[in-house]
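Colleague: Residue numbers (the UniProt record's numbering), protein chains in the order written: chain A, 1 to 245; chain B, 1 to 245.
Protein chains: 2
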Amino acid sequence: MPQHERDARLAVSTVIFALEPGVTPEGAERVASDRASLWIPLVRRLRDPGEGRWALPGGWLGAGEALEAAAARTLEETTGVTPRFLEQLYTFGAPDRSPGERVVSVVYWALVRPEETTGAIDDPNVRWFDPDDLPDLAFDHNAIVDYALTRLRSKLGYAQIAHSFLGPTFTIAELREVYETVLRVHLDPANFRRTVEASGALVETGEVRTGTRHRPPKLYRPAEAPTGDGMFRVPIAPHLRKSPS
Amino acid sequence: MPQHERDARLAVSTVIFALEPGVTPEGAERVASDRASLWIPLVRRLRDPGEGRWALPGGWLGAGEALEAAAARTLEETTGVTPRFLEQLYTFGAPDRSPGERVVSVVYWALVRPEETTGAIDDPNVRWFDPDDLPDLAFDHNAIVDYALTRLRSKLGYAQIAHSFLGPTFTIAELREVYETVLRVHLDPANFRRTVEASGALVETGEVRTGTRHRPPKLYRPAEAPTGDGMFRVPIAPHLRKSPS
DNA sequence: ACAAAAGTGTTTTCCTTACACCCATGA
DNA sequence: TCATGGGTGTAAGGAAAACACTTTTGT
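1. With P222/B as the anchor, note down where its beta strand (DSSP E) starts and where it stops.
2. How many angstroms separate the CA atom of A162/B from the CA atom of E177/B?
3. Quick one: grab the DSSP three-state call for residue 280/A.
4. Consult DSSP for F192/B and reduce its assignment to one of helix, strand or coil.
5. Under three-state DSSP, which class holds V185/B?
6. Which term fits T14/B, buried or exposed, when burial requires 16 or more other beta carbons within 10 angstroms of its beta carbon?
7. Going by DSSP in three states, R44/A sits in which element: helix, strand or coil?
8. When you compare the CB of L183/A with every CB in chain B, is at least one pair closer than 7 Å?
9. Using alpha carbons as the reference points, say which of A94/A, A190/A, R102/A lies closest to I144/A.
10. What are the residues that DSSP puts in a beta bridge with G59/B?
11. For E115/A, does the three-state DSSP call read helix, strand or coil?
12. Closest by CA to L89/A, which one among K155/A, V196/A, L187/A, G59/A?
13. Please report the straight-line C-alpha distance between N142/B and P131/B, rounded to a whole angstrom.
14. Thinking just about the alpha-carbon of each residue, which of R73/B, D140/B, V104/B is nearest to the one in L67/A?
15. Pick helix, strand or coil for E65/A, following the three-state DSSP scheme.
16. Roughly how many angstroms separate the alpha carbons of R30/A and A173/A, rounded to a whole number?
17. By the three-class DSSP mapping on this structure, what secondary structure does residue 246/B have?
18. Is any beta-carbon of chain B found at less than 7 Å from that of residue 268/A?
19. Which residues, in chain order, does the segment 60 to 75 of chain B contribute to contact with chain A at a C-beta distance below 7 Å?
20. Out of A63/A, L86/A, F92/A, point me to the one whose CA is closest to A71/A's CA.
21. According to DSSP, which residues form a beta bridge with T91/B?
22. Determine, using beta carbons only, whether A138/A comes closer than 7 Å to chain B.
23. Run through DSSP, which three-state label would I144/A get?
24. Tell me, please, whether the segment 40 to 53 of chain A touches the segment 41 to 57 of chain B by the rule of three or more beta-carbon pairs shorter than 8 Å.
25. Between the Cα of W54/A and the Cα atoms of T205/A, A11/A, P135/A, which residue gives the shortest distance?
26. Sort out for me which residues DSSP pairs E20/A with in a bridge.
27. Taking buried to mean at least 16 other C-beta atoms within 10 Å of its own C-beta, is A198/A buried or exposed?
28. Any idea what DSSP makes of R215/A, helix, strand or coil?
29. Using the beta-carbon of each residue, which ones in chain A are nearer than 7 Å to D146/B?
30. List the endpoints of the continuous beta strand (DSSP E) containing F129/A.
31. Does the CB of G80/B have a neighbour CB from chain A at under 7 Å?
32. For residue 310/A, go through chain B and note every residue whose CB falls closer than 7 Å to its CB, in chain order.
33. Rounded to whole angstroms, what's the CA-CA distance from R84/B to R113/B? Just pull it up for me.
34. Does any residue of chain A bring its CB to less than 7 Å from the CB of I40/B?
35. To the nearest angstrom, how far is it from the Cα of V81/B to the Cα of A69/B?
As structure tokens, then:
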């Protein structure tokens, strides 16, 4: 039986996903495009292991602090982001994942909408990256982002989380754009509308969005999730059962 | 910003699921039935917090020990069980979940077949329970088992894990019994066969099981999982998309 | 021969998909 | 009035469910 004097130190990190609607965030690595795209903010490490490398925002677990609270706190401190969706992703604890001291990281993932990211955006030590095209990150953070991305794309198919990328009300076309951007697929607008309407995930607000140069689309808001909190499979958009190309 | 001198101690626990084919295990709480049923082994706490209560098998994380290795080790030490399926479930870290010292538990879940449980079965401090009918367990372990049970029932629907309850080769009826027992549903044998055959999850061995008092059924073995390791949704048994009654 | 479960065939029903078409607004 | 995306209608294709039926063994 192995000894267990001083097991490991507990850290909390978060993978933040944001959707920029056709604009490239400030300080980004890629050139701008007119299509919406997924971005994640990373922070530059200023200290000891992996100094100068980009890493997930995070920090040490405070004494008496809940795990999710620690994720929310370190998130706010390092990036200024306040997520509307924050969920535990996985706990990474390979013995050699951090040089020197042993660190076990409870990793969370978050979905935010662009308005929530107005905080430390112009901090030179915070930069937004395309999650499908990352540099070499500190520790095992490349693998963590890959895993989070897989989970995001998978969970989008059976849980009502897409609206976390959007404001309190949104059009069905905006919701569809979330799916199309994250999953990198094209969805039939007519069928998407019917599927999502039939799912009961949306409620009509009775208002419409004006200012477009075409017919004003209806505005919806997410329905309160009655049964379970994302643990049962409730197909939302069957379209994406096709493997992401 | 909260302080973080001595954050928390790291423990690893495991929820073990076993399927008893129509027999009640030794030292069980319920009376025997002729139907197969789900069982989980719990250990009696001999020390300080929650002494005398039943709890999940587990222990402290060893220095330099991988998380999954710690789960496998503590499992073997406390119950003698060697699982063929072992996967991280969730990390529980509410500040008050353990009286006295703060403990963060990385919880794993395991699927075993009955033959693998021959170990410490007759230890009076190890007892098998019906996961749907548990006594008051130590710490937050009731909630943990509930969560694991939900995950088991959910994951059975989209990942090839059911065969972990069975031996290296098995009949389609045996596989169906796994689904029926865990999900508490009845499945049409004809349709189940076709669905599972079409999924590519099974490979014919060419042999049959003899000794039954009817037509000898073909034996199958699980196909090697080529794409992904359970992270993408691959519908195996559409039947169970119905909510478990 | 009979019981019992394995395994196959076939019809019905429902959901997904594809795509034609109409609607409402700004320019 | 035209371009554009919002929104509706509908028929074709395919998969799941229900269930009748045939096969193969042990007793």
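All residues carry an ideal CB built from backbone N, CA and C; glycine is no exception.
Modeller: Inspection of the coordinates gives the following:
1. 218 to 222
2. When rounded, the distance between both Cα atoms is 10 Å.
3. The structure shown does not extend to residue 280/A, since chain A spans only 1 to 245, so no value can be given for it.
4. helix
5. When secondary structure is reduced to three states using DSSP, V185/B falls in the coil class, being assigned neither helix nor strand.
6. buried
7. strand
8. no
9. A94/A
10. V12/B
11. helix
12. K155/A
13. Cα to Cα, the separation comes out at about 9 Å.
14. V104/B
15. coil
16. For R30/A, the predicted model reports a pLDDT of 45, less than 50, meaning its position is unreliable and no value from the coordinates is stated.
17. There is no way to answer for residue 246/B, as the model of chain B reaches only from 1 to 245.
18. The question about residue 268/A has no answer here: the residues shown for chain A are numbered 1 through 245.
19. Taking 7 Å as the Cβ-Cβ cut-off against chain A, the residues of the segment 60 to 75 of chain B that qualify are W60, L61, G62, A63, G64, E65, A66, L67.
20. L86/A
21. V106/B
22. no
23. helix
24. no
25. P135/A
26. S37/A
27. exposed
28. The answer is coil: DSSP assigns R215/A none of H, G, I, E or B.
29. Those within 7 Å of D146/B in chain A number zero; the least Cβ separation is about 10 Å.
30. 126 to 129 is the span of the beta strand (DSSP E), which, as asked, contains F129/A.
31. no
32. Here chain A has residues from 1 to 245 only, and residue 310/A is not among them.
33. 8 Å
34. no
35. 14 Å
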